[in-house]
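Everything below concerns the one structure shown next.
Chains as they are written, first to last, in our numbering: chain A, 1 to 242; chain B, 1 to 242.
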């Protein structure tokens, strides 16, 4: 009997026109799709693929049991998430073993801080898994600022807003170009770290990069409003430019 | 009279199936294309677009006057390159001012260490310029290794092989995940820096990511052969994974 393939399909930063030709084809021809989402939400990846999904597609929504309710430092966080990932992987594995291909919809690039990696590691030794790279959210963000991110020999550092303020400021000070992701409730810490590192005035913040509700502004002009988790902060490198 | 638009069209890492839907459409409908290349070569971006270019497309090859013949530290390097970029920009500007759209073919993502940035900065105040982000070469490379690049709170550092060995080793030691680009004749220095940083045994090297001649191996098993300038070295992060 034929074994199906699990496709980890990167959808890119959000604009459906920025899917790769390969991802676009896989989504439009899917019989089964699966996607992660927060309970009660439509799901970002599901939303990006909305107009592309074929009639009659079978959907498997993988709803996170926790996101911010249990602190990362609590051992239960890993236990609960691990059991959840095992359940999701078991469902996908069974589909593939029954001969079905499944397209897992992934925001951004699947191997770059992506949830699909947790499926990949659990499935890759059992069934065929094909990962389709994609445009990262950060590429969408720096393009939206209208300024190149890196020139010449510039060093680029990518930091998560979940790091400690000391760690953030130390690394922010020691790089040419900078991207900070996972902002959301970390925004005040990230602002403070940028100030300590002397980069606050050069920082841009992009919300909903490449999507219809995209906003782009210098961070110092962005005000104090709550910013989404998927916001991206960018500081451009200033390297050699003949 | 209508003014044309200069499109900086990212083509991604090499596989034509990995162009975005938008880039694919722009290339297939181009009347004018322009691209950088080393004199005497076909040009990497021109090669990627080869099977997509429409009949009768007008091609403008922008051939680098120098690449490695003049050392980077010599002031003539910047002078010669700057004059070359001015000439190219003048040609593109004249086309746009005559109402023609031009698709500039760009390997990888245009705003990430891309040559198109030199056109963008010279043209953006004179004519409309539209930049289409793309899958980076490094996304193609880490996907090819079959291992995710970053997990949880991993820090990612992107370094150019053109940096000094001390600078390379210091930064290699102080990151979770690592990408090194612009390898080529810098390979021995990069190897030495990875050894000093204790990361040599964890490093992978990918040549011609996503292309038919792609090779993927652990760096320590790659032998001493000459590796192309566009090779990419990857060390994967080992962060939190429930």
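From the three backbone atoms N, C-alpha and C, an ideal C-beta is built for every residue, glycine too.
Keep in mind it's a predicted model, so treat the numbers as computed, not measured.
Per DSSP, the bridge partner or partners of residue i
i              : result
residue 27(A)  : Bridge partners of residue 27(A): none, in fact.
residue 104(B) : 8(B), 34(B)
residue 130(B) : 7(B)
residue 177(B) : 156(B)
residue 204(A) : 218(A), 234(A)
residue 112(B) : 150(A)
Segment limits, alpha helix (DSSP H) that includes residue i
i              : result
residue 217(B) : Taken as a continuous stretch (DSSP letters only), residue 217(B) belongs to no alpha helix (DSSP H), being part of the beta strand (DSSP E) at 215-218.
residue 142(A) : 137-145
residue 48(B)  : 44-48
residue 116(A) : 116-123
Cβ distance (whole Å) where residue i is taken to contact residue j below 8 angstroms
i              : j              : result
residue 160(A) : residue 151(B) : Going by Cβ atoms, the distance from residue 160(A) to residue 151(B) rounds to 10 angstroms, so no, they are not a contact pair.
residue 92(B)  : residue 102(B) : 6 angstroms
residue 21(A)  : residue 19(B)  : 6 angstroms
residue 172(B) : residue 197(B) : 4 angstroms
residue 43(A)  : residue 154(A) : The Cβ separation is near 35 angstroms, so there is no contact.
residue 97(B)  : residue 144(B) : With a Cβ gap of about 42 angstroms, residue 97(B) and residue 144(B) do not count as contacting.
residue 53(B)  : residue 30(B)  : 7 angstroms
residue 243(B) : residue 157(B) : Nothing in the structure corresponds to residue 243(B), since chain B is present only between 1 and 242.
residue 135(A) : residue 49(B)  : Contact flag wrong, Cβ pair sits at about 18 angstroms.
residue 5(A)   : residue 110(A) : Rounded, the Cβ-Cβ distance is 14 angstroms, inconsistent with contact.
residue 243(B) : residue 61(B)  : This structure leaves residue 243(B) out entirely; chain B is present only between 1 and 242.
Beta strand (DSSP E) segment containing residue i, residue limits
i              : result
residue 92(A)  : Taken as a continuous stretch (DSSP letters only), residue 92(A) belongs to no beta strand (DSSP E), being part of the alpha helix (DSSP H) at 75-97.
residue 167(A) : Where residue 167(A) is concerned, there is no enclosing beta strand (DSSP E), although the alpha helix (DSSP H) it sits in stretches over 165-173.
residue 193(A) : Where residue 193(A) is concerned, there is no enclosing beta strand (DSSP E), although the alpha helix (DSSP H) it sits in stretches over 187-196.
residue 156(A) : 156-160
For residue i, three-class secondary structure by DSSP
i              : result
residue 61(B)  : strand
residue 226(A) : coil
residue 21(A)  : helix
residue 184(B) : helix
residue 212(A) : coil
residue 39(A)  : coil
residue 1(B)   : coil
residue 13(B)  : coil
Close Cβ partners of residue i (< 6 angstroms) along its chain, the five nearest in sequence each way excluded
i              : result
residue 189(A) : 165
residue 84(A)  : 65
residue 142(B) : 149, 234
residue 104(B) : 8, 34, 116
residue 140(A) : 13, 209, 210
residue 229(B) : 184
residue 70(A)  : 76, 77
residue 89(A)  : 119, 122, 123
residue 39(A)  : 63
Chain-order list of residues whose beta-carbon lies under 8 angstroms from that of residue i (same chain, five-residue window excluded)
i              : result
residue 200(B) : 191, 194, 219, 220
Residues of its chain near residue i, where Cβ-Cβ distance is below 7 angstroms and the 5 sequence neighbours each way are ignored
i              : result
residue 169(A) : 193, 196, 197
residue 147(B) : 236
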